[in-house]
Amino acid sequence: EAQVTQNPRYLITVTGKKLTVTCSQNMNHEYMSWYRQDPGLGLRQIYYSMNVEVTDKGDVPEGYKVSRKEKRNFPLILESPSPNQTSLYFCASSQHGSNQPQHFGDGTRLSIL
Amino acid sequence: GQNIDQPTEMTATEGAIVQINCTYQTSGFNGLFWYQQHAGEAPTFLSYNVLDGLEEKGRFSSFLSRSKGYSYLLLKELQMKDSASYLCAVRDRDNQGGKLIFGQGTELSVKP
Chain A
183 EAQVTQNPRY
193 LITVTGKKLT
203 VTCSQNMNHE
213 YMSWYRQDPG
223 LGLRQIYYSM
233 NVEVTDKGDV
243 PEGYKVSRKE
253 KRNFPLILES
263 PSPNQTSLYF
273 CASSQHGSNQ
283 PQHFGDGTRL
293 SIL
Chain B
36 GQNIDQPTEM
46 TATEGAIVQI
56 NCTYQTSGFN
66 GLFWYQQHAG
76 EAPTFLSYNV
86 LDGLEEKGRF
96 SSFLSRSKGY
106 SYLLLKELQM
116 KDSASYLCAV
126 RDRDNQGGKL
136 IFGQGTELSV
146 KP
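Read top to bottom, the protein sequences are chains A and B. Going from the first sequence to this note's numbering is simple: count from 1 and add 182. Going from the second sequence to this note's numbering is simple: count from 1 and add 35.
This is the structure in C-alpha cells:
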C-alpha cells in the first residue's frame with residue numbers, strides 16, 4: 183500500500199531532550215516536506231527536500247534540522263526541544279511536477295513540557 | 036508577502052450545496068490545491084486548478100480565477116461525512132514544484 187509513515191504518532195517529552203521524528207515513504211517520491219499545524223495558523227512548512235542530499239528551509243525552520251540521505255527517508259530532528267514546538271507535525275511527499283498533490287502521513291503529536 | 040484567506044467556519048445542512056471561498060496573494064502562482072482534513076487525521080487531496088475555470092469531480096467542484104486571485108470549492112448533496120476542515124493551498128512558482136502555501140482552513144459543519 184502506497185503510504186507515508188511517521189513515527190512516533192504521539193510523544194510527550196521535556197525541554198532540551200533531543201528527539202527525532204522519522205518519516206518514510208514507499209512511493210519513490212523525489213519531494214518530501216515537513217509541516218507543523220497549529221490552531222489558527224494552519225499548516226506551515228518547516229523544511230523540504232527536492233531530492234537526496236538536497237534540503238531547504240520552509241517558513242518556520244528555527245529549532246529544527248532535517249536530513250535526506252536516502253530517497254525514502256526524511257527525519258525531522260529537534261536538537262533542543264522547547265515548549266513552543268508543541269504541535270501536530272505532518273510529513274508529506276510527492277512526485278516532482280507542479281500538478282502533483284502531496285501525500286501526507288498520519289501526523290505526530292508532540293508535547294514538550 | 037504571501038497570504039491566503041479562507042473563512043474560518045461554515046455551517047450547512049445535509050443535502051444542500053456549500054461554496055467555500057479562497058483568495059490568495061502570492062509572489063508567484065503555479066497551481067492551487069484543495070485538501071480535506073477530518074479532525075485528527077491527515078489532509079487528503081481533493082482537487083487541483085492551474086487554469087481558469089471549473090474542474091468537476093463527482094460531488095466536488097473547484098473553480099479558479101487567476102486574475103482575481105480567487106478560488107472556490109463547491110460541495111453538492113452534502114453528507115454528514117463532509118464535516119471536516121477544507122484547506123486551500125497555492126504552489127508558489129518561486130520554488131519550482133516545491134513550496135505549498137496553505138490557508139488556515141475552513142471548518143465545515145454539516146447538520147441534519
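The beta carbon of each residue, even a glycine, is placed where N, CA and C say it ideally should be. Remember, predicted model here, so these are calculated numbers, not experimental data.
Notebook entry, point to check: The beta strand (DSSP E) spanning residue 137 of chain B covers which residue range?
Noted result: 135-137
Check: Between residue 272 of chain A and chain B, is there a C-beta pair that is closer than 8 angstroms?
Finding: yes
Next item on the list: Please check if any C-beta of chain A sits within less than 8 angstroms of the C-beta of residue 110 of chain B.
Entry: no
Note to self: Output needed for residue 107 of chain B: all residues of its chain with C-beta closer than 8 angstroms, excluding positions within five of it in sequence on either side, in chain order.
What the structure shows: 54, 55, 56, 57, 97 and 98
Notebook entry, point to check: Among residues of its own chain, excluding the 5 on either side of residue 118 of chain B, which ones have a beta-carbon nearer than 7 angstroms to its beta-carbon?
Noted result: 143, 144 and 145
Margin query: Closer than 7 angstroms between beta carbons: that is the criterion. Which residues of the segment 40-72 of chain B meet it against chain A?
Written below: 65, 66 and 68
Note to self: Tell me the rounded alpha-carbon separation between residue 282 of chain A and residue 60 of chain B.
What the structure shows: 21 angstroms
Item checked: Beta carbon proximity, residue 138 of chain B to chain A, threshold 8 angstroms -> yes
Notebook entry, point to check: What's the call for residue 116 of chain B, buried or exposed, on a 16-neighbour Cβ count within 10 Å?
Noted result: exposed
Notebook entry, point to check: By the 10 Å Cβ neighbour count, where 16 or more other Cβ atoms means buried, how is residue 74 of chain B classified, buried or exposed?
Noted result: exposed
Next item on the list: List the residues of chain A that residue 122 of chain B touches, going by C-beta distances under 8 angstroms, in chain order.
Entry: 224 and 225
Item checked: Counted within 10 angstroms of its Cβ, other Cβ atoms place residue 219 of chain A as buried (16 or more) or exposed -> buried
Next item on the list: Determine, using beta carbons only, whether residue 293 of chain A comes closer than 8 angstroms to chain B.
Entry: no
Next item on the list: Check the C-beta distance from residue 242 of chain A over to residue 226 of chain A and give it rounded, since I have them as a contact under 8 angstroms.
Entry: 5 angstroms
Check: Between which two residues does the beta strand (DSSP E) carrying residue 108 of chain B extend?
Finding: 105-110
Check: So which residues on chain B does residue 284 of chain A lean against when the C-beta distance must stay under 9 angstroms?
Finding: 68, 70, 78, 80, 124 and 135
Checklist line | Listed by chain order, chain B residues near residue 281 of chain A by CB distance under 8 angstroms | finding: 66, 83 and 85
Check: Less than 8 angstroms separating the beta-carbons of residue 214 of chain A and residue 230 of chain A?
Finding: yes
Next item on the list: Might you give, ordered along the chain, the residues of its own chain that have their beta carbon closer than 6 angstroms to the beta carbon of residue 90 of chain B, omitting 5 neighbours on each side?
Entry: 82, 84 and 97
Margin query: So if I threshold CB-CB distances at 9 angstroms, which residues from the segment 236-253 of chain A count as touching chain B?
Written below: 238, 240 and 241
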